[in-house]
Structure formats: structure tokens, C-alpha cells
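Below is one structure, written out as C-alpha cells, with a few remarks after it.
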Amino acid sequence: MSRRAATAPGAALLLVSLLVCLALAGCERGAASPGTPSAESANGSSSQNGSSSQNGTSGPTAVPSGVAPAARELGFAPAALRRLARDARRAASRCLLVARHGTVVGEWYWRGGGPDVAQEVFSVTKSVTSTLVGLAQADGDLSIDDRASRYIPQWRGTASAGVTVRHLLSNDSGREWSVESDYRDLLSARDRSAYAVGLGQDAPPGTVWAYNNAAIQTLDRVLRNATGQAPGDYAQERLFGPLGMADTRMTRDSAGRSDQVFFGMQSTCPDLARFGRLFAQRGTWEGRQVLPASWVRAAVGQPSQDLNAAYGLLWWLNRPGPVRRPLDERDPGLPPGVDSSGPLVPDAPEDAFAALGFGGQMVLVDPGSGTVVVRLGDTTALPRSDGYSIQDAARVLTEAYRP
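Numbered according to our numbering, the sequence shown spans residues 7 to 409.
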């Protein structure tokens, strides 16, 4: 199947069906339990009370359910935040968290969610994987301009020999892609990295853009061979631990030989708010440069290639230009291979960026205001929870924030 054929409605339906089955089956090794549903009040809040902070370690703590007292002082309209929270609840959200400069201005949990209830975040995992590559480059373990075959010997002397680590991060590697190979077969493979590495090459690297899960999964081999550690262990040591993301972990495939780096991560709203804050602060955390500012610029400061202005290094951007989206129907009036010609959210800041996952899992960051919006959807309510989009999350910036 060609890349353009994959944008047909039938392909999108196949993807939704596969991922719904995956989520409902709970087939990922070590998947977290969604928890017990809590009562929901008329204003969209759960029955929990208390307080939480992005800076502390997480555990079984009560949390605020609504707008925080600091919201107005930090430039947010409480009534608008409450309205947006009601909309999020109706879209089968499990949590919504809004923070600015590390201070929570609104936090809500529904449908069994809680500050320490981890769940599958799907492709939000990719942005974490990108960050691990940035840390490995900072350590001198690799360069993103290295040929990936340096770490994946099977590609030496093949059509994939010219693929670089940067190509894998930019989704323009040209590696083999179809809906069947990238979803059905990849999700069915017991050893997902072995399957992904063994696929062929469709096009010369740098010539086509495709949202390629299998190509991204090969970064498991790159990171493992470059750092000498499994990506999940490396993430715990270099990212989750330093940021206090105590309820976040990466998972392995059913064979137990590959860490899943294209999806599979388990996390919470507070932990992902910490992750977003790291990028809003250009890689600093509590006065320490955890991630080089140069990596933040490379990952989210500009498009990583000329084929899709909405894509950085495994992050989604709000830049104008030719935009490709995974499995969307394209406007037939646009040039071939282009889905739209404007930013993802026209009214939102141009330098905003996001980690996005199936089911409406997302971390939206506005570096200009220091605002982070995290929303996690109920994976047992698919496809309903997938109706919440980056445009909905961006309403926090366009409707509730009053600078």
C-alpha cells in the first residue's frame, strides 16, 4: 500500500480498530490498571480533595479538583478554565492539568483517574524517546547525524545504510511503511525491534515523510547499543528520576527483549506536566541543565525537515507551511502529499509544540507563557476519548489565558 493510499478513510478505520482492540485487551506487558471510577460532580470535578505539586515526589495523595487559588494571579480566567474542564470531561478524559511556570492553576480527575494512576499514553512515548536520544548525544554516546547502521549492523550494505538517527527522529527515513506493516504486523510482533529492523527501505532517506512507528521502534536498538543500557533503564536514570516522574515507566514487548519506544509508556498527568515543564524551561530543572538547551531548540524550535512543517524531532509543532498528519484525509485542492498549509492551531502561539498520542493523550507546551497543558483520555472509552484534540487543549491558551 502506498503512503497516499494510507490516507483513505478505510485505513484510518483499520488503525482505530487495531488500537481500540489493543487498549481494551490490555495486552501490553505490565500495563497499569485504570483504577476504580470516582464520583463526578456537576462541574466536572471528581470527589477527591487536597493539593499537589509538580516538584514533589508522587504517591497516594489527595489532589485539588478544580481551579487553583493561584490561577487568576498567574493570568488565567477561572470561569474559562472550568468551562474547558467540563468540555474535557464530556470527551471521556481521565485527567486535565494546567500549569504555568511549574505552578498548577487547574487540575481535574475523572473516570478513575488520579495523580498517581498511571496509564498508557501511546505516542506521547515518542517525545520521551527523542529526549533520550538528546541525552545520549549530550553524553557523547551518539550523534544524531550518525548513520543508524553504526548501531544496527543489519542495515550495513543495504538500501538503509544511508539512514541517519536524525532521519528516524524526523520521520523521513524512507523505511518501509504501510498501515498493515506499521500497525497490524508491528503490534502483533512479539519482538517488535527485531520486526522493525527487518523491514525494507521504500525510498531514499530524506525524500518522503511518513508517520512510521516501525522506523521509530528501531531507536530501541540505537539507544541500547549506543548507551549500553535498555532505554527504559536509561530513562529512569537520566530523565524520570531527576524530574521526579515517580509513576512513569517504559514497557517491554511480549518477548521481553525490546523496550517499546514508539508507544507503550505508562504515565500520569502530574508526571507529564513535569516533562512538559522541562521543555518550557529550555532543559533546566531546579536550577540544573538536565537537557541541553541546544537539544530543545533542535527538537521543538523548528521543523526537522522540509516535508512537514508540523514536525520536529518526534514532537508536533505549530509552524506554518506544508503539514502532514498521520492517516488524515487530505484536502484534494492541496499539492500531492500535503494535508493542509497552515499551523495545526492557527490561533495558538506559533512556537507552541506538543507530544500527541492516540486517544487524545497529549502534552501541550507554550514556551512563551511557560504554560503546560496535559490531558489523558480514558483508553477504555475509545474512540470517544480520541475526539479530544490539540485544538481543544489549545483553548487553554486562546480562551483562558489572559496575559
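Cβ atoms here follow ideal geometry from the backbone N, Cα and C, with glycine treated the same way.
For residue 282, does the three-state DSSP call read helix, strand or coil?
As a first step, residue 282 is located in the sequence shown; it is residue number 276 there, counting from the start. Helix.
Assuming residue 127 and residue 256 make a contact with CB atoms under 8 Å, what is their CB distance in whole Å?
Taking the sequence shown and counting its residues from 1, the one referred to as residue 127 is at position 121. Taking the sequence shown and counting its residues from 1, the one referred to as residue 256 is at position 250. Wrong, their Cβ atoms sit about 11 Å apart, outside the cutoff.
Judging by CA-CA distance, which residue of 300, 74 and 112 is the nearest neighbour of residue 381?
Reading the sequence shown from its first residue, position 375 is the one you call residue 381. Selected option, being the one with the closest Cα: 112.
Suppose you measure from the CA of residue 135 to the CA of residue 203; what does that come to, to the nearest Å?
Within the sequence shown, residue 135 is the residue found at index 129, counting from 1. Within the sequence shown, residue 203 is the residue found at index 197, counting from 1. Between residue 135 and residue 203, the C-alpha separation is close to 17 Å.
Status (buried if at least 16 other CB within 10 Å, exposed otherwise) for residue 417
Since the first and last residues shown for the chain are 7 and 409, residue 417 lies out of range.
Taking the runs of the alpha helix (DSSP H) that are 4 residues or longer, which of them lie wholly in the region 125-180?
Entirely contained in the region 125-180, the alpha helix (DSSP H) runs reaching 4 residues are, in chain order, 130-144 and 171-176.
Where residue 272 falls: helix, strand or coil (DSSP):
Locating residue 272 in the sequence shown gives position 266, counting from the first residue. Of the three classes helix, strand and coil, the one that applies to residue 272 here is strand, per DSSP.
What is the rounded straight-line gap between the Cα of residue 103 and the Cα of residue 235?
Taking the first residue of the sequence shown as 1, we reach residue 103 at position 97. Taking the first residue of the sequence shown as 1, we reach residue 235 at position 229. Spanning the two alpha carbons is a distance of roughly 32 Å.
Simplified DSSP assignment, three categories, for residue 313
One-based indexing of the sequence shown puts residue 313 at position 307. Note: residue 313 maps to coil in three-state DSSP.
Given a cut-off of 8 Å, decide if residue 110 and residue 88 are closer than it, judged by their beta-carbon atoms.
Counting from 1 along the sequence shown, the entry for residue 88 is found at position 82. Counting from 1 along the sequence shown, the entry for residue 110 is found at position 104. The answer is no: Cβ separation not under 8 Å.
What residue from 173, 405, 81 and 71 has the CA that sits closest to residue 375's CA?
Against the sequence shown, residue 375 aligns to sequence position 369. The option with the nearest alpha carbon to residue 375 is 81.
For residue 194, name the three-state secondary structure that DSSP assigns.
Here residue 194 refers to the residue found at position 188 of the sequence shown. Of the three classes helix, strand and coil, the one that applies to residue 194 here is helix, per DSSP.
Quick one: is the Cβ of residue 308 within less than 7 Å of any heavy atom of the ligand GDP?
As for the ligand GDP, it is missing from this structure, which has no ligand bound.
Establish whether the CB of residue 173 and some CB of chain C are separated by less than 8 Å.
Reference to chain C is not applicable here, since this structure consists of a single protein chain.
Alpha carbon of residue 243 to alpha carbon of residue 265, nearest angstrom
As a working mapping, residue 243 is identified with position 237 in the sequence shown. As a working mapping, residue 265 is identified with position 259 in the sequence shown. Cα to Cα, the separation comes out at about 15 Å.
Whole angstroms are fine: how far does the CA of residue 313 sit from the CA of residue 165?
For the purposes of this step, residue 165 is taken as residue 159 along the sequence shown, with counting starting at 1. For the purposes of this step, residue 313 is taken as residue 307 along the sequence shown, with counting starting at 1. Spanning the two alpha carbons is a distance of roughly 21 Å.
Hey, could you find the ends of the beta strand (DSSP E) residue 225 is sitting in?
By one-based count along the sequence shown, residue 225 stands at place 219. Note, residue 225: premise wrong, no beta strand (DSSP E); alpha helix (DSSP H) at 225-233.
Under the three-state reduction of DSSP, which class applies to residue 183: helix, strand or coil?
Here residue 183 refers to the residue found at position 177 of the sequence shown. Coil.
Could you please give the first and the last residue of the uninterrupted beta strand (DSSP E) stretch that includes residue 367?
Counting from one through the sequence shown, the residue named residue 367 turns up at place 361. Here the beta strand (DSSP E) through residue 367 covers 367-372.
With distances taken from CA atoms, which of 201, 141 and 393 is nearest residue 289?
Walking along the sequence shown from the start, residue 289 turns up at place 283. Taking only the C-alpha atoms, the option nearest residue 289 is 141.
Determine, using beta-carbon pairs with one atom in the region 397-406 and one in the region 293-303, whether at least three such pairs fall under 8 Å.
no
What number of angstroms, rounded off, separates the C-alpha of residue 169 from the C-alpha of residue 305?
One-based indexing of the sequence shown puts residue 169 at position 163. One-based indexing of the sequence shown puts residue 305 at position 299. If you draw a straight line from the Cα of residue 169 to the Cα of residue 305, it is about 18 Å long.
Cβ atoms of residue 359 and residue 323: under 8 Å apart, would you say?
Locating residue 323 in the sequence shown gives position 317, counting from the first residue. Locating residue 359 in the sequence shown gives position 353, counting from the first residue. A contact, by the Cβ cut-off of 8 Å.
Between residue 174 and residue 225, how many whole angstroms is the CB-CB distance? I'm expecting something under 8 Å.
The residue labelled residue 174 in the question sits at position 168 within the sequence shown. The residue labelled residue 225 in the question sits at position 219 within the sequence shown. With 8 Å as the limit, residue 174 and residue 225 qualify as a contact, their Cβ atoms being about 6 Å apart.
Three-state secondary structure (DSSP) of residue 207
Against the sequence shown, residue 207 aligns to sequence position 201. Residue state, collapsed to three classes: strand.
On the DSSP bridge assignment, give the partners of residue 82 in chain order.
Locating residue 82 in the sequence shown gives position 76, where the first residue counts as 1. Partner(s): 407.
Let me make sure I understand the geometry here. Which of 261, 372 and 259 has the alpha-carbon closest to that of residue 307?
Within the sequence shown, residue 307 is the residue found at index 301, counting from 1. Answer by Cα proximity: 372.
Apart from the five residues on each side of it in sequence, which residues of its chain come closer than 8 Å, Cβ to Cβ, to residue 48?
The residue labelled residue 48 in the question sits at position 42 within the sequence shown. Note that residue 48 has pLDDT 28, beneath the 50 cutoff, so the model's placement of it is unreliable and no number is given.
Residue range of the alpha helix (DSSP H) that includes residue 300:
As a working mapping, residue 300 is identified with position 294 in the sequence shown. First-last of the alpha helix (DSSP H) with residue 300: 299-306.
Are the beta-carbon atoms of residue 317 and residue 309 separated by less than 8 Å?
For the purposes of this step, residue 317 is taken as residue 311 along the sequence shown, with counting starting at 1. For the purposes of this step, residue 309 is taken as residue 303 along the sequence shown, with counting starting at 1. Against a cut-off of 8 Å, the Cβ pair of residue 309 and residue 317 comes out as a contact.
Buried versus exposed call for residue 213 [16 or more other C-beta atoms within 10 Å across all chains shown]
Walking along the sequence shown from the start, residue 213 turns up at place 207. With fewer than 16 other Cβ atoms within 10 Å, it is exposed.
Host alpha helix (DSSP H) of residue 240 (start-end)
Taking the first residue of the sequence shown as position 1, residue 240 is located at position 234. Counting along the chain, the alpha helix (DSSP H) containing residue 240 begins and ends at 237-241.
Roughly how many angstroms separate the alpha carbons of residue 241 and residue 138, rounded to a whole number?
Residue 241 sits at position 235 when you count from the first residue of the sequence shown. Residue 138 sits at position 132 when you count from the first residue of the sequence shown. About 7 Å.
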